[in-house]
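Novice: Encoded as structure tokens, here's the structure I'll be asking about.
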């Protein structure tokens with residue numbers, strides 16, 4: 001053991017702020033051993049994370065092969081620090097894909113929009129002064145109109161680019177969600193081995209962190225788009241209250257009648273066609289309703305809820321109070337595009 005002691009190197013493994021330190025023999029410790037160490041230490045699925053490290057220049061690099069692992073060890077051990085140690089971090093594949101494919105396209109679209117606006121304003125100023133020098137004050141109005149027309153065209157092009165970028169973002173989110181579901185199916189033999197709710201919660205936490213940054217960018221884009229003569233996104237129809245005509249003859253409802261929500265369109269028709277019941281009967285039903293809800297057990301999820309389970313969980317992590325039926329209708333309309341539903345809810 002005394003001979004092997006000098007060959008041991010300090011190794012730090014980190015995941016979500018949790019750090020563990022141990023010593024390994026780099027002559028025998030391989031990249032596969034490093035991935036197995038992450039999976040065992042932090043209870044991760046083998047293919048659900050990416051190993052990363054920071055080089056001497058401050059860049060974050062991925063480690064996906066044995067050669068890259070050897071190069072990372074060389075970078076660490078060739079540093080000028082007195083303490084020789086290696087530090088690797090495990091990052092969720094969903095988070096890596098989101099950073100590379102979602103945040104970056106949105107930033108580029110916004111930067112392009114700002115550059116276009118600056119160039120357009122400079123062009124308007126130049127055209128305005130040129131018209132004043134040539135035609136005098138009378139032609140100044142025409143120059144301004146021309147400049148405004150160019151500005152509108154530039155804003156339209158920039159808005160179109162932003163919408164295309166958002167559509168690409170939605171496609172990327174859908175692919176990321178599909179990859180996450182495939183990883184869960186491959187990693188878990190049964191629902192007892194891998195709790196589905198925990199995995200969805202971890203994914204939702206990553207999306208929350210990214211959504212805080214995207215929200216600021218989206219608000220700026222929305223402010224610019226509102227200035228254009230474009231048709232705004234029509235928000236979903238809110239759920240109408242239960243028609244008073246159904247409460248005129250209070251009858252003890254069955255569990256299925258209490259739990260399942262009525263469709264908004266049918267409730268609105270009943271509210272318009274049937275006469276309103278006396279006001280004094282309403283408190284009787286309102287008082288009895290909480291007791292019924294406490295007794296009724298949670299119903300089994302419907303086929304639509306099972307179909308869009310991953311998308312609903314992701315959206316409810318960001319909007320906990322959102323109506324599930326409304327989300328399902330939105331998902332059906334946009335073929336499961338989570339980004340489109342999030343934009344509709346934010347708008």
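Residue numbers (UniProt numbering): 1 to 347.
All residues carry an ideal CB built from backbone N, CA and C; glycine is no exception.
Keep in mind it's a predicted model, so treat the numbers as computed, not measured.
1) With DSSP as the reference, please indicate the residues paired to residue 23 in a beta bridge.
2) Which of the three DSSP states, helix, strand or coil, is assigned to residue 54?
3) Please determine, among 25, 14, 59 and 24, the residue with the shortest C-alpha to C-alpha distance to residue 51.
4) From 179, 122 and 116, pick the residue whose C-alpha is nearest to that of residue 160; which is it?
5) Applying the criterion that 16 or more other CB atoms from any shown protein chain within 10 Å of the CB defines a buried residue, is residue 310 buried or exposed?
6) Counting pairs of Cβ atoms below 8 Å between the region 64 to 72 and the region 27 to 38, do you hit three or more?
7) May I ask you to report which of helix, strand or coil DSSP gives residue 337?
8) Here's the rule I'm using: 16 or more other beta-carbon atoms within 10 Å means buried, otherwise exposed. How should residue 315 be labelled?
9) Determine which residues share a DSSP beta bridge with residue 91 and list them.
10) I believe residue 92 touches residue 49 by the beta-carbon criterion, under 8 Å. Please report the beta-carbon distance rounded to the nearest angstrom.
11) In the DSSP assignment, find the unbroken alpha helix (DSSP H) run with residue 77 in it and report its ends.
12) Can you tell me the Cβ-Cβ gap for residue 110 and residue 38, rounded? I've got them flagged as a contact below 8 Å.
13) Hey, out of 88, 9, 60 and 55, whose CA is closest to residue 36's CA?
14) How many angstroms separate the CA atom of residue 132 from the CA atom of residue 120?
15) For residue 94 and residue 26, what's the separation of their Cα atoms in angstroms?
16) Just grab the DSSP bridge partners of residue 85 for me.
17) Exposed or buried, what is residue 320 when buried is set at 16 or more other beta-carbons lying within 10 Å of its beta-carbon?
18) Quick check on this structure: which residue in 106, 153, 313 and 107 has the alpha carbon closest to the alpha carbon of residue 123?
19) Assign residue 336 to one of two classes, buried (16 or more other C-beta atoms within 10 Å of its C-beta) or exposed (fewer than that).
20) Check whether the Cβ atoms of residue 24 and residue 8 lie closer than 8 Å to each other.
21) Starting from residue 34, trace the alpha helix (DSSP H) both ways and give me its first and last residue.
22) Starting from residue 317 and walking both ways along the alpha helix (DSSP H), at which residues does that stretch end?
23) Taking DSSP as the reference, what is the three-state secondary structure of residue 322?
24) Would you check if the distance between the CB atom of residue 75 and the CB atom of residue 55 is smaller than 8 Å?
25) Of the residues 223, 219, 220 and 324, which one's Cα is nearest the Cα of residue 308?
26) Residue 10 and residue 85: beta carbons closer than 8 Å?
27) The beta strand (DSSP E) with residue 62 in it runs from where to where?
28) Are there 16 or more other CB atoms within 10 angstroms of the CB of residue 57, so buried, or fewer, so exposed?
Specialist: In terms of the structure at hand:
1) Under DSSP, the beta-bridge partners assigned to residue 23 are 10.
2) strand
3) Comparing Cα-Cα distances from residue 51 to each of 25, 14, 59 and 24, the minimum goes to 14.
4) 116
5) It is buried - the Cβ of residue 310 has at least 16 other Cβ atoms within 10 Å.
6) Counting Cβ pairs under 8 Å, three or more are found: they touch.
7) coil
8) Buried.
9) 50
10) Contact flag correct, Cβ pair sits at about 6 Å.
11) 66 to 77
12) About 35 Å separates the two Cβ atoms, so there is no contact after all.
13) The shortest Cα separation from residue 36 among 88, 9, 60 and 55 belongs to 88.
14) 18 Å
15) Computed Cα separation, rounded: 30 Å.
16) 10
17) exposed
18) In this structure, 153 is the residue among 106, 153, 313 and 107 with its C-alpha nearest to the C-alpha of residue 123.
19) Residue burial annotation: residue 336 is buried, with at least 16 other C-beta atoms found within 10 angstroms of its C-beta.
20) yes
21) 31 to 42
22) 309 to 318
23) coil
24) yes
25) The residue with the shortest Cα to Cα distance from residue 308 is 324.
26) yes
27) 60 to 63
28) exposed
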